[in-house]
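Student: Last residue of the sequence shown: 299 in the working numbering, with the numbers rising by one and none dropped.
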Amino acid sequence: MRNAYTAHKTLIDPARPSAQLWRLGFGVAIVVAIYYALGFAYFNLLAKLVAQGEWSAFSREISQGSTPRGMIALLGSFGIIVIALALVLRSLHRRGISTLIGPLPRATRDFFRTGVALSALGFLLWLLPEPEAMTTTPNLPTLRWLALLPLTLPLLFLQISAEELGFRGYLQSQLAARFAHPAIWLVLPSLLFGMLHFDPTTQGENAPWFVLVAALFGLAAADLTARSGTLGPALALHFAINIGAILIAAPQGTLNGLALGLYPFALDDVSARAVWLPYDLMVLFCSWLTARLAIGR
3 MRNAYTAHKT LIDPARPSAQ LWRLGFGVAI VVAIYYALGF AYFNLLAKLV AQGEWSAFSR
63 EISQGSTPRG MIALLGSFGI IVIALALVLR SLHRRGISTL IGPLPRATRD FFRTGVALSA
123 LGFLLWLLPE PEAMTTTPNL PTLRWLALLP LTLPLLFLQI SAEELGFRGY LQSQLAARFA
183 HPAIWLVLPS LLFGMLHFDP TTQGENAPWF VLVAALFGLA AADLTARSGT LGPALALHFA
243 INIGAILIAA PQGTLNGLAL GLYPFALDDV SARAVWLPYD LMVLFCSWLT ARLAIGR
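#1: As an exercise, report each continuous beta strand (DSSP E) stretch of at least 3 residues that is fully enclosed by the segment 202–275, in chain order.
#2: Have a look at the DSSP bridge pairing and note the partners of T139.
#3: By the three-class DSSP mapping on this structure, what secondary structure does P105 have?
#4: Can you find the residues in the same chain that come closer than 6 Å, C-beta to C-beta, to P235, ignoring five residues on each side of it along the sequence?
#5: How far does the alpha helix (DSSP H) with G78 in it extend, from its first residue to its last?
#6: From the DSSP output, in three-state form, read off G27 for me.
#7: L237 and N141 look like a contact to me (Cβ under 8 Å); what is the Cβ gap, rounded to whole Å?
#8: Run through DSSP, which three-state label would F200 get?
#9: Please determine, among A268, F45, Q54, the residue with the shortest C-alpha to C-alpha distance to F80.
#10: So which of A75, I162, A251, R180 has the shortest CA-CA distance to L239?
#11: Kindly confirm or deny that the segment 50–67 and the segment 244–259 touch, where touching means at least three C-beta pairs closer than 8 Å.
#12: May I have the straight-line CA-CA distance separating Y37 from A43, to the nearest angstrom?
#13: Where does the unbroken alpha helix (DSSP H) through L167 begin, and where does it stop?
#14: Thinking just about the alpha-carbon of each residue, which of R180, G104, L198 is nearest to the one in G27?
#15: Which whole-angstrom value is the C-beta distance of L295 and F219, which I expect to be below 8 Å?
#16: So R299 and S230 are supposed to be a Cβ contact under 8 Å. How far apart are they, rounded?
#17: Look at the alpha carbon of N5 and the alpha carbon of T101, and state the distance between them as a whole number of angstroms.
#18: Any heavy atom of the ligand ATP within a distance shorter than 7 Å of the CB on L158?
#19: Is the Cβ of L279 closer than 8 Å to any Cβ of chain C?
#20: Are the CB atoms of A251 and L262 nearer to each other than 8 Å?
#21: Just the Cα atoms here: how many angstroms apart are L177 and M284?
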């Protein structure tokens, strides 16, 4: 296992001079504080930009992700995390945010190789017959959906980049610089990533299963990052999965404002779990294998 992760040294070495656990804990706390402070300013600015009396409705659209403008505003807020990480890394760890990505030419090559391979996998999955319970109904008109793509794709990439920089970049590299055993720096950030997807208000009894899927995704992305020594494959995997879940087809009720189609169930639909859970796990496993083949590790 450790031989498979030899390339991870590229991401670990910049973290070694500041690998103390107190720095990591303090850094995470500062990132959270900056996110809330700048987030308050960001959403107050949005409130000033909408027409008087519209903020109440717009804020619900943002929290539920139920309309295009709500989802666009929500995705844009992830830029705050990138700003916070850059500030913490420079001030507390004396390293640049680029050190979370790895050598840029190699990371870019890994990203595009993985992206092409996952696109081919997605096409193959599209050709397969889908369960009736996964049949979608139209949401956004096709022309409007296409017109929004030049804006939504970069914002979606911003969202997944913020999460990958935070979990597979910052947390994983700092923990790996402190602890040699992969079980620690693979599992801990993945569990935290999974727990942050716990939302019983909208997910109901399905909430623990969403935590499981998110944590397993975190493990897959962490493994790819350690094998490649760059954040490229994890970024491509996350981007491909979120394109499918946010832009192509989404459940009813939440985070569906930019989706082309809607599944015939909501996130809290217990009866649909027997269909979407195995499907999501199968797609994740196949995507992870495909990404490993793409990077040759």
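Glycine residues also receive a C-beta, built at the ideal position from the N, C-alpha and C atoms.
Values in this document were obtained by computation on a predicted structure and should not be read as measured data.
Tutor: Taking the definition as stated:
#1: Counting whole runs of 3 or more residues, the segment 202–275 contains the beta strand (DSSP E) stretches 251–254, 263–268.
#2: The bridge partners DSSP lists for T139 are L264.
#3: Looking at P105 - three-state DSSP - the assignment turns out to be coil, as it is neither helix nor strand.
#4: Counting only residues of its own chain and dropping the five nearest sequence neighbours on each side, P235 has a CB closer than 6 Å to the CB of D112, T116, L226, A293, I297.
#5: Segment 70–78, the alpha helix (DSSP H) holding G78.
#6: In the displayed model, G27 falls within a helix according to three-state DSSP.
#7: Rounded, the Cβ-Cβ distance is 26 Å, inconsistent with contact.
#8: In the displayed model, F200 falls within coil according to three-state DSSP, outside both helix and strand.
#9: Residue F45 holds the alpha-carbon nearest to the alpha-carbon of F80 among A268, F45, Q54.
#10: Minimum Cα distance to L239 is reached at I162.
#11: In short, these stretches touch, since the Cβ pair count reaches three.
#12: Our two residues, Y37 and A43, have alpha carbons roughly 10 Å apart in a direct line.
#13: Careful: L167 lies outside any alpha helix (DSSP H) and carries neither H nor E.
#14: Closest option to G27, Cα to Cα, is R180.
#15: 18 Å between Cβ atoms; not a contact.
#16: Contact annotation, R299 with S230: C-beta distance approximately 6 Å; criterion of less than 8 Å satisfied.
#17: If you take the alpha carbons of N5 and T101, they lie about 22 Å apart.
#18: Ligands in the displayed structure: none, and consequently the ligand ATP is not present.
#19: Considering every chain present, this structure includes no chain C. It has just one protein chain.
#20: Yes. Within cutoff.
#21: Roughly 29 Å separates the two Cα atoms.
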